[in-house]
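The sequence shown begins at 654 in our numbering and counts up by one.
Cβ coordinates follow ideal geometry from the N, Cα and C atoms, glycine included.
These notes concern the structure reproduced below.
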Amino acid sequence: MSAEGTWNLSIATPIGKIKAVVELREQDGVLTGVAHGAGEEVALTDVTRVGDRVTWKQAITKPMRLNMTFDVTVHGDALQGTAKAGHLPSSKVTGERRAALKHPA
């Protein structure tokens, strides 16, 4: 199953749930992406996919400056896994793929 698409993520952190949107695209076998949340857009780095497992890193500045590492498993139009920020404990991540927009023929 492809990990491509736009994903609505929910990250359960010790300070509450954080909502984010991640866009994953694959071109020539290379997975890339960008994350949107807390009023900023950041590029994903070290994006890898092995089977249905996808990992990536991203640096955020809001609500505080953190380097985050994500490790999720894609199951159809849902994903789940963990996000780790620095020395903080891992947070549970869940997400669902947005439906693709259909363009009239």
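> Quick one: Cα of residue 661 to Cα of residue 682, how far?
Replying inline: 23 angstroms
> So, helix, strand or coil for residue 657, using DSSP?
Replying inline: coil
> Alpha carbon to alpha carbon, how far is residue 701 from residue 740?
Replying inline: 22 angstroms
> If residue 729 and residue 663 are in contact, beta carbons under 8 angstroms, what's the gap, nearest whole angstrom?
Replying inline: 17 angstroms between Cβ atoms; not a contact.
>> Can you find the residues in the same chain that come closer than 7 angstroms, C-beta to C-beta, to residue 678, ignoring five residues on each side of it along the sequence?
In response: 657, 685, 686
>> For residue 684, report the span of its beta strand (DSSP E) as first-last.
In response: Membership of residue 684 in the beta strand (DSSP E) is indicated by the continuous run 683-690.
>> So residue 688 and residue 697 are supposed to be a Cβ contact under 8 angstroms. How far apart are they, rounded?
In response: Confirmed, about 6 angstroms.
>> Quick check for students: name the residue ranges of the beta strand (DSSP E) that lie wholly in the segment 680-744, counting only runs of 3 or more.
In response: 683-690, 693-696, 698-703, 706-713, 719-728, 731-738
> Where residue 676 and residue 731 are concerned, what is the direct C-alpha to C-alpha distance, given to the nearest angstrom?
Replying inline: 14 angstroms
> Candidates 704, 674, 709: which alpha carbon is nearest residue 724's?
Replying inline: The shortest C-alpha separation from residue 724 is found at 709.
>> Please state whether the Cβ-Cβ distance between residue 735 and residue 746 is less than 8 angstroms.
In response: yes
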